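Peer 1:
Protein chains: 2
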Amino acid sequence: MNLKQLAKELNLSISAVSKALRDSHEISASTKLAVLAKAKELNYQVNPFASSLRKQKSKTIAVVVPEIDNIFFALAINGIESVAQEKEYHVLIYLTHEDAQKEVSVTQLLQNGRVDGIMMSLSSQTTDFSHIQQLKEKELPIVLFDRVAEHINVPKVTTDDYDSGESATEHLIEAGCKKIAFLSISNNLSISNKRKSGYIDSIKKNNLPNSKNLIIECSQDDEKNKLLIKNLLKKKNRPDGIFASVEKLALLCYEVCDELNLNIPADIKIIGFSNLHTAALLKPSLTTITQPAYEIGRESALLIFKLIEKRGNSIIPEKTVVASSLIKRGSTKK
Amino acid sequence: MNLKQLAKELNLSISAVSKALRDSHEISASTKLAVLAKAKELNYQVNPFASSLRKQKSKTIAVVVPEIDNIFFALAINGIESVAQEKEYHVLIYLTHEDAQKEVSVTQLLQNGRVDGIMMSLSSQTTDFSHIQQLKEKELPIVLFDRVAEHINVPKVTTDDYDSGESATEHLIEAGCKKIAFLSISNNLSISNKRKSGYIDSIKKNNLPNSKNLIIECSQDDEKNKLLIKNLLKKKNRPDGIFASVEKLALLCYEVCDELNLNIPADIKIIGFSNLHTAALLKPSLTTITQPAYEIGRESALLIFKLIEKRGNSIIPEKTVVASSLIKRGSTKK
DNA sequence: CTGAAAGCGCTTACAG
DNA sequence: CTGAAAGCGCTTACAG
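Listed in order, the protein sequences are those of chains R and W.
Take the first sequence: its letters are residues 424 to 757, numbered as in this note's numbering.
Take the second sequence: its letters are residues 424 to 757, numbered as in this note's numbering.
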C-alpha cells in the first residue's frame, strides 16, 4: 500500500493525498477527512526511506556508548529513549566496547545521513579526538555525555566530577581516614582527571601527608587490578580509606577485603562512584557518589534536539553540568 | 557528494560507478580500481535511504524490550549487537516499559519497512498476542526471546525454565528446606508459568505437604511486594526456603530478612533467577539460576538473520532452548 | 483547493 | 564492458 494506490482509491492525485496526510493548509477539511479515513482503513503507512530521501531528514538519532551492560549507560539510554519517544524519533545503538578504532569507524559510518544527530560517550581508549572534530565540521549535530573530551568545542553533558571527587574525599576524612588511596583508571577523558584533581586538592587542603602518592593506576584488566589492590591492602601500613573512581574497583575492594579478612568500615572505609542498584544491599552497604544517569541521558537528548531543530541563533550551552549525589552508607561509618 | 558528482569526476556514467562500487562482474577491474580510489578520495558514502528505497531492504533490525536498565536485557542486547555488527546491520531500540499498549504501537510502527526484522521480548502486561500474529501474517521476520508467548508459532528463544524451576526447588530441598515459598509474578507469558510448574511438580514429587499453597503472587509494585514478603516471614510457621522467580523479589527478601533479623541461610534459604553481577558480593552471596543472556541475544539474532536471508526451504526451528545454570552460593548453604 | 511534474539518490534490467 | 532509462515512494514548488 503506497500513495499511488491510496490516491487511486480516493480518486485524488498523489500530491493531494500526500498533502492531506501531512495536514497541509492547502487541502480542504472534507478531503482531509476522507483521506485520513481511507488511509486508516487500508492501513497506509508512509515509506520512511522515500520520505527521508526526499526531506533529507532521518527522524533518527544514534547513541554510541562503550558498553551497555553497565547500569550507568543503560540508564542514560533509558533517558535518551524517553525524549526520543516524545519527539517520535528512532534510536540507533552502537557499542564500541571501549575500542577507539571501533569508535572512529562508527563515527565515519554515521556521516552518510542515516541519523540527524549523534550522542556519544567516548571509549576510555580514545586518545585522538579528530573524529569528533570532523562531525563538528560536517555540521552533523553531536552531543558528548559523561565520557567527554574537554577541549573539543561541542556540547557536553557531564556531572560535577571535580566537586564530587573533593566531597568524596572530605567524607572519608570526616569519617576519620588519615591515609586515603585513590583507585584511578587513567585515560584521556576529563572525567577521570577531574575526579582525581578533586581528590588531590582535597588531600592537600586537609594536609594529609600520608595520602601523598597514593594514586593507584588501575587498568582494564580486573585480575591485575585485584592483585594490585590486594598488595596494597596486605601492607602493614595500608590505607584506612579507599576512594574508587569507578564502580568495579569498589567491588574489587570488597572481594579483596573478604579474602584478607579486613573489616569494612572498621579496618578500612570505602567510597566509590556507582549507579549500582544493589549498593545498599552489600554488606556493609556501599557509600556511593551516584550520577543521575537517566537525567544525563535526558539532558543530552534535549540538547541534541535543540541542535537538530536549531533555527537562527538559539544558544546551545557548551557545558551542561548536573550534580551527582553522595549517598552515605555503611562502608564509611565511623 | 553523491553518485552523480562522483561519476562526473570520473567521466563515467552513474550506473557504471554504482556497479563498480558494488563490485559488479559487469565492470572491468581497472574501472573498479579507479572508482574505488576516487570514492575514497572524495569520501563518498552511499545514501542509505536511496539505497533502501530502491532495494526494499533497510539493513536494520529492531529490538523491542520491556526495559533496558535490567542486566538481563542489557546483556541480551549486547549479544544481538555483536551479531548485527558482524552482519553490518543497524540496531534500533524500542522500550515498552512493560506497557502492552506501547508494545502494540511500536509493533505497528515497525510495519512500514523501516526494519528487516524484529526481535522482541514481551511486556509482562501483554495479554493479547494478535499484534505478533499480525507481523507473522505480514511476513515481517520476527523472533521472540525470553518473554515469549507460547502459542504463537513464531521462532522463540528461551531458557529451560521448567527444568530450572525444578532444579532450583530440588536444590532447596537438598539443602534441608521443608517449606518452600515460590514468589511468583503472574502474567500471560509462558516463562513465569514454566518456572512455577517446575516448582509445583518438584514439590509434589518430593512430597512436601507444607509447601502446598505457598505460591505468593507478587505485583509490579515493590512496596506491596515487600509488605507481602514481610508478612510471610513474620509468621511463626514461616517458610524455611524461598524461591524467587525474578531477581528483584530475591533482593526484597534480603531487605526483609535484614529488617526482621532473620539469618540467611540459617533461618531461611533463598534462591532466585538473576543475572546480577553482584550476586556473589551480597552477604551472604546469593544462589542464582542464571540465564545465559548474552547467548540468548546472539542466538535470537542469528535466527532473525536466517529468517531475513531465508531462501527456499531452509528450516527455522520454532523453539530454541538454551540452558540456564544453577550457581550455588551462600544463601542456600546447609 | 487540486494536480502535474520534478527530483531526492540510488539500483538494475536492458540495449548496445 | 559501459550507458541511458525507468522506477523505488515520497514531498513540494509551481501552475491553474
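C-beta atoms are modelled at their ideal positions from N, C-alpha and C, and glycine is treated no differently.
If you're wondering where the values come from, they're calculated on a predicted model, not measured in any experiment.
Under a three-way DSSP split, which group does serine 748 (chain W) fall into?
Peer 2: As a working mapping, residue 748 (chain W) is identified with position 325 in the second sequence. Strand, per DSSP.
Peer 1: With the cut-off set at 8 Å, would you say aspartate 569 (chain R) and isoleucine 500 (chain R) are in Cβ contact?
Peer 2: Numbered from its first residue, the first sequence carries residue 569 (chain R) at position 146. Numbered from its first residue, the first sequence carries residue 500 (chain R) at position 77. Result no, Cβ atoms of aspartate 569 (chain R) and isoleucine 500 (chain R) do not sit closer than 8 Å.
Peer 1: In or out: isoleucine 665 (chain R) buried (at least 16 other Cβ within 10 Å) or exposed?
Peer 2: Taking the first residue of the first sequence as 1, we reach residue 665 (chain R) at position 242. Result: buried.
Peer 1: Tell me which residues of the stretch 704-719 of chain W have at least one Cβ-Cβ distance to chain R shorter than 7 Å, keeping chain order.
Peer 2: Within the stretch 704-719 of chain W, the residues whose Cβ lies closer than 7 Å to some Cβ of chain R are Leu704, Leu705, Lys706, listed in chain order.
Peer 1: What is the DSSP secondary structure of alanine 523 (chain R), counted as helix, strand or coil?
Peer 2: As a position in the first sequence, residue 523 (chain R) is number 100, starting the count at 1. Here alanine 523 (chain R) sits in helix by DSSP.
Peer 1: Using the Cα positions of lysine 461 (chain R) and serine 475 (chain W), report the straight-line distance between them to the nearest angstrom.
Peer 2: Here residue 461 (chain R) refers to the residue found at position 38 of the first sequence. Here residue 475 (chain W) refers to the residue found at position 52 of the second sequence. Looking at the two C-alpha atoms, the distance is approximately 27 Å.
Peer 1: Take serine 642 (chain W) as the anchor and find which of W:Lys628, W:Asn633, W:Lys671 has the nearest alpha-carbon.
Peer 2: For this step, residue 642 (chain W) is matched to residue 219 along the second sequence. Answer by Cα proximity: W:Lys671.
Peer 1: Between the stretch 692-707 of chain W and the stretch 591-604 of chain W, do three or more beta carbon pairs fall short of 8 Å?
Peer 2: The stretch 692-707 of chain W is in contact with the stretch 591-604 of chain W.
Peer 1: Taking 6 Å as the limit between beta carbons, can you name the residues of its chain near proline 715 (chain R), skipping five residues before and five after?
Peer 2: Along the first sequence, read from residue 1 onward, the residue named residue 715 (chain R) stands at position 292. Correct list, in chain order: Val745.
Peer 1: Out of W:Phe605, W:Ile750, W:Leu631, W:Lys649, which one is the CA nearest neighbour of isoleucine 638 (chain W)?
Peer 2: Stepping through the second sequence from its first residue, residue 638 (chain W) is reached at position 215. Comparing Cα-Cα distances from isoleucine 638 (chain W) to each of W:Phe605, W:Ile750, W:Leu631, W:Lys649, the minimum goes to W:Phe605.
Peer 1: If we count Cβ pairs, one from each stretch, closer than 8 Å, do we get three or more for the stretch 529-537 of chain W versus the stretch 462-474 of chain W?
Peer 2: Cβ pair count under 8 Å is below three, so no.
Peer 1: By alpha-carbon positions, which one of R:Leu656, R:Gln556, R:Val514, R:Val580 ends up nearest to isoleucine 687 (chain R)?
Peer 2: As a working mapping, residue 687 (chain R) is identified with position 264 in the first sequence. With respect to the C-alpha of isoleucine 687 (chain R), the residue from R:Leu656, R:Gln556, R:Val514, R:Val580 having the closest C-alpha is R:Leu656.
Peer 1: Let's see if you can read the secondary structure: which residues bound the beta strand (DSSP E) around valine 669 (chain R)?
Peer 2: Counted from its first residue, the first sequence places residue 669 (chain R) at position 246. Neither: valine 669 (chain R) is in no beta strand (DSSP E) and is coded neither H nor E.
Peer 1: Using only CA atoms, which one of R:Lys757, R:Thr549, R:Val488 lies nearest to methionine 542 (chain R)?
Peer 2: Working through the first sequence from its first residue, we reach residue 542 (chain R) at position 119. Comparing Cα-Cα distances from methionine 542 (chain R) to each of R:Lys757, R:Thr549, R:Val488, the minimum goes to R:Val488.
Peer 1: Could you tell me whether the Cβ atoms of threonine 404 (chain R) and phenylalanine 696 (chain R) are closer together than 8 Å?
Peer 2: Coverage of chain R is limited to positions 424 through 757, which leaves residue 404 (chain R) absent and any answer about it impossible.
Peer 1: Looking at leucine 567 (chain W): is its Cβ nearer than 8 Å to the Cβ of leucine 545 (chain W)?
Peer 2: Here residue 567 (chain W) corresponds to residue number 144 of the second sequence, with the count starting at 1. Here residue 545 (chain W) corresponds to residue number 122 of the second sequence, with the count starting at 1. Yes; because the gap between Cβ atoms is below 8 Å, this pair is in contact.
Peer 1: Thinking C-beta only, is lysine 602 (chain W) closer than 8 Å to serine 634 (chain W)?
Peer 2: For the purposes of this step, residue 634 (chain W) is taken as residue 211 along the second sequence, with counting starting at 1. For the purposes of this step, residue 602 (chain W) is taken as residue 179 along the second sequence, with counting starting at 1. Yes, these two residues count as a Cβ contact at 8 Å.
Peer 1: Can you check DSSP and say which residues form a bridge with lysine 579 (chain R)?
Peer 2: Residue mapping note: residue 579 (chain R) aligns to position 156 of the first sequence, counting from 1. Looking at the DSSP assignment, lysine 579 (chain R) forms a beta bridge with R:Leu567, R:Lys742.
Peer 1: Please say whether leucine 558 (chain W) and threonine 530 (chain W) have beta carbons closer to each other than 8 Å?
Peer 2: Along the second sequence, one-based indexing puts residue 530 (chain W) at 107. Along the second sequence, one-based indexing puts residue 558 (chain W) at 135. A contact, by the Cβ cut-off of 8 Å.
Peer 1: Going along chain R in order, which residues have a C-beta closer than 8 Å to the C-beta of tyrosine 677 (chain W)?
Peer 2: Here the question's residue 677 (chain W) lines up with position 254 in the second sequence. Simply Leu704.
Peer 1: Where aspartate 551 (chain W) and lysine 617 (chain W) are concerned, what is the direct C-alpha to C-alpha distance, given to the nearest angstrom?
Peer 2: Here residue 551 (chain W) corresponds to residue number 128 of the second sequence, with the count starting at 1. Here residue 617 (chain W) corresponds to residue number 194 of the second sequence, with the count starting at 1. Between aspartate 551 (chain W) and lysine 617 (chain W), the C-alpha separation is close to 19 Å.
Peer 1: May I have a chain-ordered list of the alpha helix (DSSP H) segments no shorter than 4 residues that lie completely inside the stretch 482-523 of chain R?
Peer 2: 494-509
Peer 1: Using DSSP with H/G/I as helix, E/B as strand and the rest coil, what is cysteine 641 (chain R)?
Peer 2: As a working mapping, residue 641 (chain R) is identified with position 218 in the first sequence. The answer is strand: DSSP assigns cysteine 641 (chain R) an E or B state.
Peer 1: Identify which residue in R:Ala485, R:Asn684, R:Tyr585 has its Cα closest to the Cα of serine 625 (chain R).
Peer 2: Position 202 of the first sequence holds residue 625 (chain R). Nearest of R:Ala485, R:Asn684, R:Tyr585 to serine 625 (chain R), Cα basis: R:Tyr585.
Peer 1: Whole angstroms are fine: how far does the CA of proline 740 (chain R) sit from the CA of asparagine 636 (chain R)?
Peer 2: Indexing the first sequence from 1 puts residue 636 (chain R) at position 213. Indexing the first sequence from 1 puts residue 740 (chain R) at position 317. For the pair asparagine 636 (chain R) and proline 740 (chain R), the Cα-to-Cα distance works out to about 37 Å.
Peer 1: In this structure, how does DSSP classify phenylalanine 728 (chain W) when only helix, strand and coil are distinguished?
Peer 2: One-based indexing of the second sequence puts residue 728 (chain W) at position 305. Here phenylalanine 728 (chain W) sits in helix by DSSP.
Peer 1: Taking the alpha-carbon of alanine 681 (chain R) as reference, which of R:Ile652, R:Ser668, R:His700 has the nearest alpha-carbon?
Peer 2: Here residue 681 (chain R) corresponds to residue number 258 of the first sequence, with the count starting at 1. Checking the sequence shown, residue 681 (chain R) turns out to be aspartate, not alanine. Looking at the Cα atoms, R:Ile652 is the closest of the given residues.
Peer 1: Using 10 angstroms around the beta-carbon of histidine 513 (chain W), count the other beta-carbons present and answer buried if the total reaches 16, otherwise exposed.
Peer 2: Working through the second sequence from its first residue, we reach residue 513 (chain W) at position 90. It is buried - the Cβ of histidine 513 (chain W) has at least 16 other Cβ atoms within 10 Å.
Peer 1: Using the beta-carbon of each residue, which ones in chain W are nearer than 9 Å to glutamate 405 (chain R)?
Peer 2: An answer regarding residue 405 (chain R) cannot be provided, because it is not within the stretch 424 to 757 covered by chain R.
Peer 1: What span of residues does the alpha helix (DSSP H) with leucine 476 (chain R) cover, start to end?
Peer 2: To locate residue 476 (chain R), count along the first sequence from 1; it is residue 53. Segment 471-478, the alpha helix (DSSP H) holding leucine 476 (chain R).
Peer 1: Assuming leucine 749 (chain R) and serine 590 (chain R) make a contact with CB atoms under 8 Å, what is their CB distance in whole Å?
Peer 2: The residue you call residue 749 (chain R) lines up with position 326 of the first sequence. The residue you call residue 590 (chain R) lines up with position 167 of the first sequence. The Cβ separation is near 6 Å, so the contact holds.
Peer 1: So which of W:Leu683, W:His574, W:Leu674 has the shortest CA-CA distance to threonine 701 (chain W)?
Peer 2: Taking the first residue of the second sequence as 1, we reach residue 701 (chain W) at position 278. If we check each option's Cα against that of threonine 701 (chain W), W:Leu674 comes out closest.
Peer 1: Identify which residue in W:Asp644, W:Asn425, W:Ala667, W:Leu705 has its Cα closest to the Cα of serine 587 (chain W).
Peer 2: The residue labelled residue 587 (chain W) in the question sits at position 164 within the second sequence. Comparing Cα-Cα distances from serine 587 (chain W) to each of W:Asp644, W:Asn425, W:Ala667, W:Leu705, the minimum goes to W:Ala667.
Peer 1: Could one say the Cβ of glutamine 428 (chain W) lies closer than 8 Å to chain R's Cβ atoms, at least one of them?
Peer 2: Along the second sequence, read from residue 1 onward, the residue named residue 428 (chain W) stands at position 5. For glutamine 428 (chain W), no Cβ of chain R is located within less than 8 Å of the residue's own Cβ.
Peer 1: Within 8 Å (strictly less), CB to CB, does alanine 473 (chain W) reach chain R?
Peer 2: As a first step, residue 473 (chain W) must be located in the second sequence, where it is residue number 50. Using a Cβ-Cβ cut-off of 8 Å, alanine 473 (chain W) counts as an interface residue toward chain R, since at least one Cβ of chain R sits closer than that to its own.
Peer 1: In chain R, which residues lie less than 8 Å from isoleucine 500 (chain W) when you measure between Cβ atoms?
Peer 2: On the second sequence, residue 500 (chain W) is found 77 positions in, with the first residue counted as 1. Chain R residues near isoleucine 500 (chain W): Ile491, Ile516.
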